[in-house]
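One structure below.
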Amino acid sequence: MILVSAVTRREDDGLLAFLNSLAEGDRQPLPASGPASREPKAAPTTRAGLSLLAGPPFVLDLGTTLAGRVTLSGRTVLYVDGANAFNPYILSALARDAGQPPRAVMQRLHLTRAFTCHQLETLIVERLPSAIAHYRPGLVVISGWSHLFHDENVPAREAFRLLQNTARRIRSLTEAGQPILATHPEEPVTQRLQPLGEILTRAADGVARLREEEGLILVVREKPPGPLGARSLVIPQEQCRLWFRGHHHQELPAAYPWSGR
Numbered sequence: 015m016i017l018v019s020a021v022t023r024r025e026d027d028g029l030l031a032f033l034n035s036l037a038e039g040d041r042q043p044l045p046a047s048g049p050a051s052r053e054p055k056a057a058p059t060t061r062a063g064l065s066l067l068a069g070p071p072f073v074l075d076l077g078t079t080l081a082g083r084v085t086l087s088g089r090t091v092l093y094v095d096g097a098n099a100f101n102p103y104i105l106s107a108l109a110r111d112a113g114q115p116p117r118a119v120m121q122r123l124h125l126t127r128a129f130t131c132h133q134l135e136t137l138i139v140e141r142l143p144s145a146i147a148h149y150r151p152g153l154v155v156i157s158g159w160s161h162l163f164h165d166e167n168v169p170a171r172e173a174f175r176l177l178q179n180t181a182r183r184i185r186s187l188t189e190a191g192q193p194i195l196a197t198h199p200e201e202p203v204t205q206r207l208q209p210l211g212e213i214l215t216r217a218a219d220g221v222a223r224l225r226e227e228e229g230l231i232l233v234v235r236e237k238p239p240g241p242l243g244a245r246s247l248v249i250p251q252e253q254c255r256l257w258f259r260g261h262h263h264q265e266l267p268a269a270y271p272w273s274g275r
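Residue numbers for the sequence shown follow the numbering used here, beginning at 15 and rising by one.
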């Protein structure tokens, strides 16, 4: 295990590099495009592939943090919020730390929300491809990918079918060259949690599982396996406040929406 520091400022390269390696298979990442930030090291890079962050609900804010790092490099992010959990404070804080105007950073993130699993399936299967063609994003984030499929008003077989439809579409998009990051909060704990997680894990090129343990956050790369097996690192919780501890939402410029059409 490797002890690293915060994921929010200059010391964040350890976790960011670790997460970037999920889809890289330990190969050299593609170079980032767009203007560089004020920081001395390059902004995180992405490549074509589907990366999945699974674990406690804070993986939602971690996904937003990684999306924010992409917007800081001048690239566009499409953010599909399936858990109604997007926190604009994170982008604002990242922008201020990098010396960039928060509004300009916000306008590079295009947000759409779904409130039922049927809406999410429609957004991903029918509307996301045209949005990608229009915005040409550096990254697509599917936040809380499995969350809406726990709905007991939707029969389990139907929920699994809809989720598999989204997985097939996302696979086709990554195979066409679009990097996608998905988050999978492992709550609520229902009978559907394990099969939903298995669908997402099978679809992903890279999987990192996070958990809390005695004041630390343990991050394990489960897929793809490295030459020495699973890779892991440990992060003190107090050094991850931006995405580990909740903040009160402030009056901030809203992320710029996309219509999904």
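For glycine and all other residues, C-beta sits at the position ideal for the given N, C-alpha and C. Please read these numbers as outputs of a predicted model, since none were measured by experiment.
When C-alpha distances from residue 113 are compared across 126, 87 and 123, the shortest belongs to 87. Cβ contact annotation for residue 109 (same chain, cutoff 6 Å, sequence separation greater than five): 116 and 119, in chain order. Secondary structure in the region 57-119: the alpha helix (DSSP H) runs of 4 residues or longer, each lying completely within the stretch, are 73-86 and 102-111 in chain order. Per the coordinates, the alpha-carbon of residue 107 lies some 28 Å from the alpha-carbon of residue 162. Here residue 129 is exposed, its C-beta having fewer than 16 other C-beta atoms within 10 Å.
Residue 188 counts as buried, since at least 16 other C-beta atoms from the protein chains shown sit within 10 angstroms of its C-beta.
Taking a 10 Å sphere around the C-beta of residue 63, we find 16 or more other C-beta atoms and assign the residue as buried.
The C-alpha of residue 207 is placed about 7 Å away from the C-alpha of residue 200. Runs of the beta strand (DSSP E) lying entirely within the region 172-249 and spanning at least 3 residues, in chain order: 193-199, 220-227 and 230-240. Of the other Cβ atoms in all chains shown, fewer than 16 fall within 10 Å of the Cβ of residue 148; this residue is therefore exposed. Separation of the CB atoms of residue 81 and residue 123 is rounded to 6 Å, and the pair is thereby assigned contact status at 8 Å. In the same chain as residue 95, and ignoring 5 residues on each side of it, the C-beta atoms closer than 8 Å to its own belong to 125, 126, 127, 128, 157 and 158, in chain order.
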